[in-house]
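Novice:
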Amino acid sequence: MLYHLNYSLSQSLTCSTVKKIFSLLFIGCLYATVSFGGGGSCTPPTAPAATDWANNQWVVHAYNSRDISTSTPSNYRGYYTQDLITGLGFNTAWSGNNSPSSVTSSSTNTAWVGCEVNASENTFIHKRRGFPCGTYRLTMQRRDNETRVFVNGINVTPAGMDTYNSYSGTPQTIGVYMLDHNSTIEVRTGGGGAPNNAELLIERYTNGIAVNNDFRTCRVTGNQWVDFFESNGRYIASIRGATAGTNLGDVTARVYVDGTVDLVPACADASYETAVMQRHWVIDPTTNGAAIVRLPYSNTEFHNLATASVTSSSPDDLVTYPNQGTVYTSKYSGPNNVNANPDDNCPALGGSGGTTRHVNSGTGTTNPVAGVNAFYSDFSIPGFSEFWLHGNTVTTPLSVQLSDFNAHCDESGTRLNWTTASEQNSDYFTLEKSRDGDQWEQVTTIHGKGNSNTSNTYEFTDHAIADVYYRLKLTDFDGKRTDLEIIHVNCTATKNQALIYPNPVTGVFSVRVTATETMKETAVFVRDVNNKIVASRTIDIAPGTNTIIFEGEDLSPGTYIVYIDGTEKNTFPPVRLVVQ
Numbered sequence: 169m170l171y172h173l174n175y176s177l178s179q180s181l182t183c184s185t186v187k188k189i190f191s192l193l194f195i196g197c198l199y200a201t202v203s204f205g206g207g208g209s210c211t212p213p214t215a216p217a218a219t220d221w222a223n224n225q226w227v228v229h230a231y232n233s234r235d236i237s238t239s240t241p242s243n244y245r246g247y248y249t250q251d252l253i254t255g256l257g258f259n260t261a262w263s264g265n266n267s268p269s270s271v272t273s274s275s276t277n278t279a280w281v282g283c284e285v286n287a288s289e290n291t292f293i294h295k296r297r298g299f300p301c302g303t304y305r306l307t308m309q310r311r312d313n314e315t316r317v318f319v320n321g322i323n324v325t326p327a328g329m330d331t332y333n334s335y336s337g338t339p340q341t342i343g344v345y346m347l348d349h350n351s352t353i354e355v356r357t358g359g360g361g362a363p364n365n366a367e368l369l370i371e372r373y374t375n376g377i378a379v380n381n382d383f384r385t386c387r388v389t390g391n392q393w394v395d396f397f398e399s400n401g402r403y404i405a406s407i408r409g410a411t412a413g414t415n416l417g418d419v420t421a422r423v424y425v426d427g428t429v430d431l432v433p434a435c436a437d438a439s440y441e442t443a444v445m446q447r448h449w450v451i452d453p454t455t456n457g458a459a460i461v462r463l464p465y466s467n468t469e470f471h472n473l474a475t476a477s478v479t480s481s482s483p484d485d486l487v488t489y490p491n492q493g494t495v496y497t498s499k500y501s502g503p504n505n506v507n508a509n510p511d512d513n514c515p516a517l518g519g520s521g522g523t524t525r526h527v528n529s530g531t532g533t534t535n536p537v538a539g540v541n542a543f544y545s546d547f548s549i550p551g552f553s554e555f556w557l558h559g560n561t562v563t564t565p566l567s568v569q570l571s572d573f574n575a576h577c578d579e580s581g582t583r584l585n586w587t588t589a590s591e592q593n594s595d596y597f598t599l600e601k602s603r604d605g606d607q608w609e610q611v612t613t614i615h616g617k618g619n620s621n622t623s624n625t626y627e628f629t630d631h632a633i634a635d636v637y638y639r640l641k642l643t644d645f646d647g648k649r650t651d652l653e654i655i656h657v658n659c660t661a662t663k664n665q666a667l668i669y670p671n672p673v674t675g676v677f678s679v680r681v682t683a684t685e686t687m688k689e690t691a692v693f694v695r696d697v698n699n700k701i702v703a704s705r706t707i708d709i710a711p712g713t714n715t716i717i718f719e720g721e722d723l724s725p726g727t728y729i730v731y732i733d734g735t736e737k738n739t740f741p742p743v744r745l746v747v748q
């Protein structure tokens with residue numbers, strides 16, 4: 169994916185009149201030129217602070233002084249923004265004895281706000297906060313004169329680029345960086361004598377598909393694809409929300425790649441093994457919800473799975489290479505033993521047993537993510553956790569294709585509903601509940617539809633209001649029972665709560681926050697015994713349960729206190745964290 173914007177600006181100066189022209193060349197789409205006259209006295213707008221940024225667009229500030237050592241040079245003259253232009257980089261040029269102190273008020277930008285800028289001895293500063301989550305290569309295509317580049321406030325300027333009165337028409341690589349919705353880039357260019365220019369190219373950097381234990385955290389909102397790349401440009405997965413209103417918050421996607429295909433025994437019959445692909449994923453959102461996931465895999469991994477599916481003890485996991493339609497996914501929902509091991513998902517080994525199987529909603533032999541050569545399968549899923557790829561046939565032992573399973577609190581109790589996309593040989597559903605996720609009791613049974621290729625919805629209200637887990641099971645006409653899904657709901661929460669898991673911890677840990685109301689931009693702090701903040705996160709908290717992941721903090725062994733910065737109306741008790 170390549171982002172490249174092309175601008176050309178010029179003005180002719182006389183003693184009495186200033187004529188200013190800004191031309192926007194949007195390659196293949198638009199060409200617009202506006203000119204107008206001006207002159208007389210002018211009062212520039214208030215100079216920006218160093219902390220002022222434009223979100224998801226470039227703001228360009230100009231100064232009648234030549235100083236790239238600061239974000240706020242003297243003699244501020246004005247600015248313009250690029251608010252509707254699609255792209256990440258910029259290409260600004262001003263020619264002989266002129267300066268770009270005017271821009272059009274066309275539909276693709278905000279007009280120049282301010283006063284005339286010197287034709288020489290000036291500084292133009294490009295600033296932007298917010299980029300599509302990914303890994304990018306930054307290249308200064310040309311610059312005249314001296315230029316400094318900052319990424320997230322860190323000076324990343326190559327040697328010689330900021331030398332006074334230096335210039336270059338040869339592309340200079342700045343580096344490869346991970347960018348996201350909160351990343352900032354600042355480019356300062358000093359002008360000595362026109363013609364001057366500054367052109368930054370920002371292009372996605374890709375380096376094949378991910379290797380074992382690669383991970384990335386990206387924010388997922390709406391129904392646009394978000395591609396997850398780790399720091400070296402290796403592709404992990406893609407996610408998009410089910411609707412335009414989806415807000416999964418910060419989502420961490422981690423991939424595991426084993427040496428060989430794994431044969432996973434069924435919970436009810438250890439001799440009944442299913443071959444699963446050696447590439448698998450754990451995806452953890454801040455707020456769980458429906459989405460579509462795109463899972464990539466190599467030709468070798470696909471072929472290995474097909475070979476193993478023929479020799480496994482299960483007759484129902486056949487993968488026919490190269491038919492991607494025979495690749496399905498099983499999603500384990502937790503909450504216990506969410507990890508890279510499929511064997512401990514069964515209740516007998518401490519797992520929750522909540523696994524659902526999903527048919528792909530799309531496949532491809534060439535990944536639509538530019539620069540990545542891999543197969544992919546898309547799956548529409550009701551929530552996140554572990555994902556395992558395997559085969560399936562029409563004789564699958566799973567008689568029901570479950571679309572979703574939800575619980576909501578109201579005055580009458582806990583209202584539960586679930587939807588099936590199809591049913592084969594289904595006799596009845598069993599709804600169970602548990603306070604600890606270990607000991608289960610039956611709540612009710614509801615008859616299934618037998619055989620159906622259409623969507624069916626079921627509903628039941630548990631009038632006992634409580635903080636519990638619910639488990640949905642299926643029994644088919646042959647008497648076989650299958651665990652479908654486990655969910656957690658707390659209908660007794662009347663105050664804000666927080667807990668940490670695991671605790672004690674040796675590495676990654678999560679803070680689970682239960683809130684009664686929406687709280688925007690809430691800070692979560694980890695303080696040591698000296699009350700020093702050693703880690704922090706800022707999130708938007710929604711009513712219900714929210715999960716905040718702390719990873720890579722490298723905390724020393726000891727005791728810490730986790731604080732949630734609530735409001736006067738919404739407070740949270742501090743929670744003790746023990747690091748071993």
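Letter by letter, the sequence shown follows residues 169 to 748 of the numbering used here. For each residue, glycine too, the CB sits at the ideal point set by N, CA and C.
Determine the extent of the alpha helix (DSSP H) in which V478 is found, giving its start and end residues.
Specialist: In the sequence shown, the residue the question calls residue 478 occupies position 310. Per DSSP, V478 belongs to the alpha helix (DSSP H) from N467 to T479.
Novice: Taking the alpha-carbon positions, what's the P490 to S553 distance?
Specialist: Here residue 490 is taken as the residue at index 322 of the sequence shown, counted from 1. Here residue 553 is taken as the residue at index 385 of the sequence shown, counted from 1. The straight-line gap from Cα to Cα measures roughly 27 Å.
Novice: Once the 5 residues before and after T686 are set aside, which same chain residues still bring their CB inside 8 Å of it?
Specialist: Working through the sequence shown from its first residue, we reach residue 686 at position 518. Only D708, I709, A710 and P711 meet the Cβ criterion.
Novice: Roughly how many angstroms separate the alpha carbons of H349 and S237, rounded to a whole number?
Specialist: The residue labelled residue 349 in the question sits at position 181 within the sequence shown. The residue labelled residue 237 in the question sits at position 69 within the sequence shown. Rounded to whole angstroms, H349 to S237 spans 26 Å at the Cα level.
Novice: Alpha carbon to alpha carbon, how far is G206 from E284?
Specialist: For the purposes of this step, residue 206 is taken as the residue at position 38 of the sequence shown. For the purposes of this step, residue 284 is taken as the residue at position 116 of the sequence shown. Here the model assigns G206 a pLDDT of 38, short of 50, so the residue's position is not dependable, and the following value carries that caveat. G206 and E284: Cα-Cα distance of roughly 9 Å.
Novice: Hey, V743 and A666: beta-carbon distance below 7 Å or not?
Specialist: On the sequence shown, position 575 is the one that residue 743 refers to. On the sequence shown, position 498 is the one that residue 666 refers to. Yes, Cβ-Cβ distance for V743 and A666 is below 7 Å.
Novice: Once you ignore the five residues that flank E719 on each side, which residues in its own chain have a CB closer than 6 Å to its CB?
Specialist: Locating residue 719 in the sequence shown gives position 551, where the first residue counts as 1. So the qualifying residues of the chain are V676.
Novice: Applying the criterion that 16 or more other CB atoms from any shown protein chain within 10 Å of the CB defines a buried residue, is T475 buried or exposed?
Specialist: As a working mapping, residue 475 is identified with position 307 in the sequence shown. With fewer than 16 Cβ atoms within 10 Å of its Cβ, T475 is classed as exposed.
Novice: Going residue by residue through the stretch 335-386, where are the continuous beta strand (DSSP E) segments of at least 3 residues, counting only ones entirely within it?
Specialist: Counting whole runs of 3 or more residues, the stretch 335-386 contains the beta strand (DSSP E) stretches 340-347, 352-359 and 364-372.
Novice: From N507 to V450, what distance separates their C-alpha atoms?
Specialist: As a first step, residue 507 is located in the sequence shown; it is residue number 339 there, counting from the start. As a first step, residue 450 is located in the sequence shown; it is residue number 282 there, counting from the start. Going by the C-alpha atoms only, they are around 7 Å apart.
Novice: If we ignore side chains and look at the alpha-carbon of each, how far apart do F645 and D595 end up?
Specialist: Indexing the sequence shown from 1 puts residue 645 at position 477. Indexing the sequence shown from 1 puts residue 595 at position 427. Their Cα atoms are separated by approximately 5 Å.
Novice: Give the range of the beta strand (DSSP E) segment to which Y332 is assigned.
Specialist: Here the question's residue 332 lines up with position 164 in the sequence shown. Neither: Y332 is in no beta strand (DSSP E) and is coded neither H nor E.
Novice: What is the DSSP secondary structure of A516, reduced to helix, strand or coil?
Specialist: Here residue 516 is taken as the residue at index 348 of the sequence shown, counted from 1. Helix at A516.
Novice: Around the C-beta of N380, are 16 or more other C-beta atoms found within 10 angstroms, so that it is buried, or is it exposed?
Specialist: In the sequence shown, the residue the question calls residue 380 occupies position 212. When all chains shown are included, N380 counts as exposed.
Novice: Among N290, G302, T307 and N320, whose alpha-carbon lies nearest the alpha-carbon of N313?
Specialist: Taking the sequence shown and counting its residues from 1, the one referred to as residue 313 is at position 145. Per the Cα distances, N290.
Novice: Thinking C-alpha only, which one of V747, L652 and V495 is nearest E721?
Specialist: Against the sequence shown, residue 721 aligns to sequence position 553. For E721, the nearest C-alpha among the options comes from V747.
Novice: Ordered along the chain, which non-local residues of its own chain (more than five positions away) have a Cβ less than 6 Å from that of F740?
Specialist: The residue given as residue 740 occupies position 572 in the sequence shown. Once the five neighbours on either side are set aside, the close Cβ partners of F740 are N664, A666, I732 and G734.
Novice: Thinking C-beta only, is S498 closer than 7 Å to A443?
Specialist: The residue given as residue 443 occupies position 275 in the sequence shown. The residue given as residue 498 occupies position 330 in the sequence shown. It is not a contact, given that the beta carbons lie outside the stated cut-off.
Novice: Between I668 and S548, is the Cβ-Cβ spacing less than 7 Å?
Specialist: To locate residue 668, count along the sequence shown from 1; it is residue 500. To locate residue 548, count along the sequence shown from 1; it is residue 380. Contact flag unset, no.
Novice: Three or more C-beta pairs under 8 Å: does that hold for the stretch 340-347 against the stretch 316-326?
Specialist: Output reads yes: the stretch 316-326 touches the stretch 340-347.
Novice: Can you tell me whether K700 is buried or exposed, with buried defined as 16 or more other CB within 10 angstroms of its CB?
Specialist: Here residue 700 refers to the residue found at position 532 when the sequence shown is read from its first residue. K700 should be labelled exposed.
Novice: With a CB to CB cut of under 7 Å and the five nearest residues on each side skipped, what residues in its chain are close to L566?
Specialist: Counting from one through the sequence shown, the residue named residue 566 turns up at place 398. At L566, the pLDDT of 45 sits below 50, so the modelled position is not reliable and the matter cannot be decided from this model.
Novice: Indicate the three-state DSSP secondary structure (helix, strand or coil) for T494 in the structure shown.
Specialist: Within the sequence shown, numbered from 1, the residue matching residue 494 stands at position 326. Note: T494 maps to helix in three-state DSSP.
Novice: I want to know whether the stretch 407-424 touches the stretch 322-334 - three or more CB-CB distances under 8 Å.
Specialist: They do not touch, by the three-pair rule.
Novice: Tell me which same chain residues have a C-beta within less than 8 Å of the C-beta of Y424, skipping the five on either side of it?
Specialist: Counting from 1 along the sequence shown, the entry for residue 424 is found at position 256. Once the five neighbours on either side are set aside, the close Cβ partners of Y424 are N380, N381, R447, H448, W449, V450 and A508.
Novice: On a CA-only basis, which of F597, S288, D630 and S602 is nearest T582? Give me that one, please.
Specialist: On the sequence shown, position 414 is the one that residue 582 refers to. Out of F597, S288, D630 and S602, D630 has the C-alpha closest to the C-alpha of T582.
Novice: So what does DSSP say about G205, is it helix, strand or coil?
Specialist: One-based indexing of the sequence shown puts residue 205 at position 37. Reliability of the predicted coordinates at G205 is poor, the pLDDT of 32 falling under 50, and the value obtained from them is presented with this limitation in mind. Looking at G205 - three-state DSSP - the assignment turns out to be strand.
Novice: Throw me the rounded Cβ distance for the T588 and S623 pair, which I believe falls under 8 Å.
Specialist: One-based indexing of the sequence shown puts residue 588 at position 420. One-based indexing of the sequence shown puts residue 623 at position 455. Their Cβ separation, rounded to whole angstroms, is 7 Å, which keeps T588 and S623 in contact under 8 Å.
Novice: For E469, is the classification buried or exposed, using 16 other Cβ atoms within 10 angstroms of its Cβ as the cut-off for buried?
Specialist: Residue mapping note: residue 469 aligns to position 301 of the sequence shown, counting from 1. With 16 or more other Cβ atoms within 10 Å, it is buried.
Novice: CB G298 to CB N223, shorter than 7 Å?
Specialist: As a working note, residue 298 is residue 130 in the sequence shown. As a working note, residue 223 is residue 55 in the sequence shown. Closer than 7 Å, so yes.
Novice: In three-state terms, what does DSSP make of V635?
Specialist: Walking along the sequence shown from the start, residue 635 turns up at place 467. Checking the sequence shown, residue 635 turns out to be Asp, not Val. Strand.
Novice: Between R402, G401, Y403 and D418, which lies nearest to G409 when the distance is taken from Cα to Cα?
Specialist: As a working mapping, residue 409 is identified with position 241 in the sequence shown. When each option's Cα is compared against that of G409, the closest is D418.
Novice: Would you list the residues sitting across from Q610 in a DSSP beta bridge?
Specialist: By one-based count along the sequence shown, residue 610 stands at place 442. Paired residue(s): E600.
Novice: Do the CB positions of Y500 and N513 come within less than 7 Å of each other?
Specialist: On the sequence shown, residue 500 is found 332 positions in, with the first residue counted as 1. On the sequence shown, residue 513 is found 345 positions in, with the first residue counted as 1. It is a contact, given that the beta carbons lie within the stated cut-off.
Novice: If we ignore side chains and look at the alpha-carbon of each, how far apart do D511 and D220 end up?
Specialist: Sequence index remark: in the sequence shown, residue 511 carries index 343 (1-based). Sequence index remark: in the sequence shown, residue 220 carries index 52 (1-based). When rounded, the distance between both Cα atoms is 51 Å.
Novice: Less than 7 Å between the beta carbons of G282 and P212, yes or no?
Specialist: In the sequence shown, the residue the question calls residue 282 occupies position 114. In the sequence shown, the residue the question calls residue 212 occupies position 44. In this structure, P212 lies closer than 7 Å to G282 by Cβ.
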